[in-house]
Amino acid sequence: MSQLTIRSLQFLRGERRILDDINVCFESGCVTAVLGPNGAGKSTLLASIAGLLKPASGTIDLDGQSTLAMHSSARARRIAFLPQSPEIAWPIDVETLVGLARIPFHGVTSAVEDGAAVARAMASTHITQWSKRVVTTLSGGERARTLLARIFAGEPEWILADEPFAGLDPSHQFEAADLLCAFARGGRGVVLTIHDLTLAARIADRIVILQDGRVVADGTPAEALTPAILRSVYGIDAEWLNPSGQAPLIAIHGRHAG
Amino acid sequence: MTAPITVKGRWLVPALLVLVAALACVSIVVGKVNLGWDVWSHQDDVSRAILVELRLPRTLLGIIIGAALGLSGAALQGYLRNPLAEPGTLGVSSMAALGAVLSIFFNVAGMHPFVLPACGVLGGLLGMMFLFLLSGMAASALTLILSGVILGSLAIAGISLALSLSPSPWAAGEIIRWLLGALTDRSLDDVTIATPLILVGSIATLSCRRALDALTLGEVGARSLGVDLNRVQWQLALGIGLIVGTSVAVTGIVGFVGLVVPHLLRPIVGSRPSVLLIPSAIGGAAFVLCGDIIVRLLPGGTELQLGVVMSLIGAPFFFALLQSMRRKLT
Numbered sequence: 009m010s011q012l013t014i015r016s017l018q019f020l021r022g023e024r025r026i027l028d029d030i031n032v033c034f035e036s037g038c039v040t041a042v043l044g045p046n047g048a049g050k051s052t053l054l055a056s057i058a059g060l061l062k063p064a065s066g067t068i069d070l071d072g073q074s075t076l077a078m079h080s081s082a083r084a085r086r087i088a089f090l091p092q093s094p095e096i097a098w099p100i101d102v103e104t105l106v107g108l109a110r111i112p113f114h115g116v117t118s119a120v121e122d123g124a125a126v127a128r129a130m131a132s133t134h135i136t137q138w139s140k141r142v143v144t145t146l147s148g149g150e151r152a153r154t155l156l157a158r159i160f161a162g163e164p165e166w167i168l169a170d171e172p173f174a175g176l177d178p179s180h181q182f183e184a185a186d187l188l189c190a191f192a193r194g195g196r197g198v199v200l201t202i203h204d205l206t207l208a209a210r211i212a213d214r215i216v217i218l219q220d221g222r223v224v225a226d227g228t229p230a231e232a233l234t235p236a237i238l239r240s241v242y243g244i245d246a247e248w249l250n251p252s253g254q255a256p257l258i259a260i261h262g263r264h265a266g
Numbered sequence: 039m040t041a042p043i044t045v046k047g048r049w050l051v052p053a054l055l056v057l058v059a060a061l062a063c064v065s066i067v068v069g070k071v072n073l074g075w076d077v078w079s080h081q082d083d084v085s086r087a088i089l090v091e092l093r094l095p096r097t098l099l100g101i102i103i104g105a106a107l108g109l110s111g112a113a114l115q116g117y118l119r120n121p122l123a124e125p126g127t128l129g130v131s132s133m134a135a136l137g138a139v140l141s142i143f144f145n146v147a148g149m150h151p152f153v154l155p156a157c158g159v160l161g162g163l164l165g166m167m168f169l170f171l172l173s174g175m176a177a178s179a180l181t182l183i184l185s186g187v188i189l190g191s192l193a194i195a196g197i198s199l200a201l202s203l204s205p206s207p208w209a210a211g212e213i214i215r216w217l218l219g220a221l222t223d224r225s226l227d228d229v230t231i232a233t234p235l236i237l238v239g240s241i242a243t244l245s246c247r248r249a250l251d252a253l254t255l256g257e258v259g260a261r262s263l264g265v266d267l268n269r270v271q272w273q274l275a276l277g278i279g280l281i282v283g284t285s286v287a288v289t290g291i292v293g294f295v296g297l298v299v300p301h302l303l304r305p306i307v308g309s310r311p312s313v314l315l316i317p318s319a320i321g322g323a324a325f326v327l328c329g330d331i332i333v334r335l336l337p338g339g340t341e342l343q344l345g346v347v348m349s350l351i352g353a354p355f356f357f358a359l360l361q362s363m364r365r366k367l368t
């Protein structure tokens, strides 16, 4: 069991507090969804854990070891970060793109081991048949699977994914979600940000809700996504349909009046 | 992991090496005086002098400078994720030329053979450093290119000022020569000066190859793969500053090599930046040798400057390339 422990995390942009006294502990083996309105600090939280942003204060520990003190390559081998709408600057083929995940392993693993990891990642995401296709020719769904394969090829302990389902149709959203869930069931950790409340309720084992840089709810979907919390965080009237079933549905009636 | 190279790409490096070797042979033999293919067995002093004093340095410098420019173009394009980047478009070549020009202007170039190249190298290094400082540490490609345009304009203004205030016609002539770029009248001393500096710069540049690959995923993607972008930026500033500064100091500004060669090779070896570096270096050597042979073969009493010919070939070629890219997109 791996743990990502965040204590008293604060991130400032100028005078503005983007993250304010965040205390949360993520555990492996489950999918944690970080929710909140736009500007709540979700992406900043993920980028801080990935080591891309330096917090003003606070600590981020991975199994007792400070991620801020880790060498950047060592951290990249353990924590993979999938940015929102990632850039792909050159028309490289799928296999080459997936292979980029092995860059932090230079000098640590052999070329054969790297090749095997890339092959496993492509097989698990069912993209082996496109290995020679140029990434610019992929559809949105194919691209999403390829980017997940790129993350899996690093065989990290943790995946931090910022809006991994943005721009995908419902079928491809579930496809990508299934891949991330399977990864978490394998004993690794997944923390993702998401705006779709129903999808979050279905795929996440745990929900953390941020508002104005603070954690306002933390628990199972049923505990964290109550109509009262949704009203206070998003200003919407919503209710759970089929709350005890396998496929919960959160119906949003509209903005809360008053 | 090791970079996968396409089937076409596998034969490219050996083929380019053969091409460079063949062009080097032609470059040694061909000129105003044709030495003939049995040049190495010539015993007479004139042939030997032409070979050792003129053709050999010219050919070796063509290879070294071409490789340096090809490599720096491919590396800058990889770093900025922009196929329009090269030392010329980023103002680094102009800064190196300004350094060399100032050494002529202040009449210190004649003090020692190392002074002018050293000033050129200093100009190139300062150019790369100003470029990164002007645009900030975490600069976007667009900011960096705009900063390069500003830097290039400033350097050209400085060179123009030196030209208009030049103390003697000799100095003005020398300054113009740096701007045009040439491989003529170079000696083995120039080879001795240029080789180690370009080698060090090339090693610094080549050691960034994995970071350049990671930058395919953008700056955020590269940093999430553990790449220290600050270190890469300074390493490239040193590497490219050294190789461009040295090449400009020895031959003046030879444009378009760093722009055209990676473009030509990308469809063959693929777009992965690390895979493009070595072929671009060898391709750059072939390109410059070819240009320098054309310069010598053109009829007329006065030999054209290499920089002029490269631009005359390069500009329409590049324009045709842009047109074909546009056709593919529409």
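These protein sequences, in sequence, are chains A and B. Numbering follows my numbering, in which position 70 of the first sequence is assigned residue number 78; successive positions increment by one, without gaps. Numbering follows my numbering, in which position 83 of the second sequence is assigned residue number 121; successive positions increment by one, without gaps. Even glycine gets a Cβ: it sits at the ideal position worked out from N, Cα and C. In this text, all values refer to a predicted model and were calculated from it rather than measured experimentally.
When DSSP labels each residue in this structure, what does residue i get in the three-state scheme?
| i | result |
| --- | --- |
| B:F168 | helix |
| A:T133 | coil |
| B:S198 | helix |
| B:A41 | In this prediction, B:A41 scores a pLDDT of 45, lower than 50, which makes its location untrustworthy; no coordinate-derived value is stated. |
| B:L182 | helix |
| B:F357 | helix |
| B:L89 | helix |
| B:R248 | helix |
| A:R196 | coil |
| B:R365 | helix |
Under a CB-based cut-off of 7 Å, is residue i close to chain B?
| i | result |
| --- | --- |
| A:G45 | The displayed chain sequence assigns Pro, not Gly, to residue 45 of chain A. It does not; no Cβ of chain B falls within 7 Å. |
| A:L53 | no |
| A:I57 | no |
| A:T104 | yes |
| A:L60 | yes |
| A:S80 | yes |
| A:I26 | no |
| A:E163 | no |
| A:A97 | yes |
| A:M130 | no |
| A:I111 | yes |
| A:A84 | yes |
| A:P172 | no |
| A:I100 | yes |
| A:F34 | no |
What residues are listed by DSSP as bridge partners for residue i?
| i | result |
| --- | --- |
| A:G227 | A:I215 |
| A:F89 | A:L168 |
| A:F34 | A:L12 |
| A:T117 | A:H114 |
| A:T201 | A:V42, A:D170 |
| A:I244 | A:R263 |
| A:V142 | A:D101 |
| A:R25 | A:L20 |
| A:I258 | A:W248 |
| A:Q73 | A:L70 |
Of all the CB atoms in chain A, is at least one closer than 7 Å to the CB of residue i?
| i | result |
| --- | --- |
| B:V139 | no |
| B:L255 | yes |
| B:V258 | yes |
| B:S262 | yes |
| B:T40 | Any answer about B:T40 is weak, because its pLDDT of 42 lies below 50 and its placement is not dependable; what the coordinates show is given next. Yes, B:T40 lies at the interface with chain A (some Cβ there is under 7 Å from its Cβ). |
| B:R48 | no |
| B:I43 | Low per-residue confidence applies at B:I43: pLDDT is 46, beneath 50, and the placement is therefore not dependable, though the value from the model is reported in the following sentence. Not one chain A Cβ lies under 7 Å of B:I43. |
| B:L309 | It is worth fixing the name first, because residue 309 of chain B is Ser in this sequence and not Leu. Yes, contact with chain A. |
| B:R119 | yes |
| B:R93 | no |
| B:A252 | yes |
| B:R248 | yes |
From which residue to which residue does the alpha helix (DSSP H) around residue i run?
| i | result |
| --- | --- |
| A:A192 | 178 to 193 |
| B:L263 | Here B:L263 belongs to no alpha helix (DSSP H), and DSSP marks it neither H nor E. |
| B:V326 | 311 to 335 |
| B:Q115 | 94 to 118 |
| B:V299 | 295 to 307 |
| B:F143 | 130 to 143 |
| A:Y52 | Residue identity differs from the one stated: residue 52 of chain A is Thr in this sequence, not Tyr. Residues 50 to 57. |
| A:I159 | 148 to 160 |
Need the endpoints of the beta strand (DSSP E) that residue i sits in, please.
| i | result |
| --- | --- |
| A:G66 | 65 to 70 |
Less than 6 Å between the CB of residue i and some heavy atom of the ligand PLP, yes or no?
| i | result |
| --- | --- |
| B:L182 | The model on display carries no ligand, and the ligand PLP is accordingly not part of it. |
Give, in chain order, every unbroken run of the alpha helix (DSSP H) that is at least 4 residues long and sits entirely within the segment 221 to 246 of chain B.
-> Fully enclosed alpha helix (DSSP H) runs of 4 or longer: 226 to 244.
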